[in-house]
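Enquirer:
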Amino acid sequence: MAEPIGGALVARRARGGARLEEQPLGRREGAGGLKAGGRVRPRAMANVKTEDEIILFEREMKEFWTKLKSVYGTEQISQTLALRDSCKESIKVLSEKWSKKLKEGDLMIDKIQEYRNEILQQSQCVSENQERLTEIKSNVNQEEEQKKGLTDSIQELKEELMKKKEIISSKNKATKERVERLCKSKVLFEERLGLEIRRIHNEQLQFVFRHIDHKDPDKPYAFTLSINEQGDYEVTSCTPPLDCIAEFQLKVRETNNFSAFVANIRKAFTALSYKQSA
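Per my numbering, residue 1108 is the first one in the sequence shown, and the count goes up by one each step.
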């Protein structure tokens, strides 16, 4: 198709050139550029050729499109345009579809990132809870150890308290037995030695002797006796005072012979009475 058009273009140029040569000289004076004597100037010739070539090129383009339409036909061109429009529409639909897919992908990526952040937060919470659980377990273990220590201490205190109760019970029993022996001896002492035994405050016993001073038989001679925490006899007061009371107290603790202890104190009061009378 290009060769006929090109050949026609060359022929027309040749014909156009012939026409230019055949045209009378008087027609080109308006374009200016004729020399004296009726010959064409070179510059005027160049301008005329350029204008004719442009006109000729436009004419050839119109003929080319005319022949192209005649070769392909209006129907084929319409089909080509319709196919082009269809392709454009398909491309538009695909573009919109993939644009939507890309937006959905972006939303999915954002959602995944959100889930990832949430998972990280949950992992951090789990880690913190594990540390807290470890701390609680440690505190529980310490409390268990403290509880065990307290339980052992309480058990030791209970055992010690039981021992003290046994000791106190044993002492109370011994004290009770001694009091009973003293009560049994009370009548004998009152009858034979003129002794009066009184129970006073703080579980103490007061021993009052009479018939010691011949000048004053009713004059009282007394001492107060108690049992200390160690379960021993202890004289808390003596009227009139005796220098030998500490010795008698030590001896009765060693021998546990209470009758001899009371008898020795009476003898000491009697000796004191004779000494005071002399």
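Using N, Cα and C, we set each Cβ at its ideal position, and we do this for glycine too.
Answer with buried or exposed for Cys1345, where buried requires no fewer than 16 other C-beta atoms within 10 angstroms of its C-beta.
Expert: Buried, because 16 or more other Cβ atoms sit within 10 Å of the Cβ of Cys1345.
Enquirer: Would you report the Cα separation of Leu1163 and Trp1172, rounded to the nearest angstrom?
Expert: When rounded, the distance between both Cα atoms is 15 Å.
Enquirer: What three-state label does DSSP hand Gln1311 in the structure shown?
Expert: Note: Gln1311 maps to strand in three-state DSSP.
Enquirer: Taking the beta strand (DSSP E) that Ile1352 belongs to, which residues open and close that run?
Expert: Not the beta strand (DSSP E): Ile1352 falls in the alpha helix (DSSP H), residues Ile1352 to Thr1362.
Enquirer: Identify every residue that forms a DSSP beta bridge with Tyr1381.
Expert: Answer is none; Tyr1381 lacks a bridge partner.
Enquirer: Beta carbon of Gln1383: closer than 6 Å to some heavy atom of the ligand FAD?
Expert: As presented, the structure is devoid of all ligands, the ligand FAD included, so that no description of it is given.
Enquirer: Beta carbon of Asp1376, beta carbon of Phe1316: below 7 Å?
Expert: Residue 1376 is actually Phe in this sequence, not Asp. Yes. Within cutoff.
Enquirer: Would you tell me roughly how many angstroms separate the C-alpha atoms of Gln1231 and Ile1243, rounded to the nearest one?
Expert: Going from the Cα of Gln1231 to the Cα of Ile1243 covers about 18 Å.
Enquirer: For the beta strand (DSSP E) holding Glu1341, just list the boundary residues, first then last.
Expert: First-last of the beta strand (DSSP E) with Glu1341: Tyr1340 to Thr1346.
Enquirer: Give the single residue among Glu1251, Ser1333 and Ser1260 whose Cα lies nearest to the Cα of Asn1279.
Expert: Cα-wise, what sits closest to Asn1279 is Ser1333.
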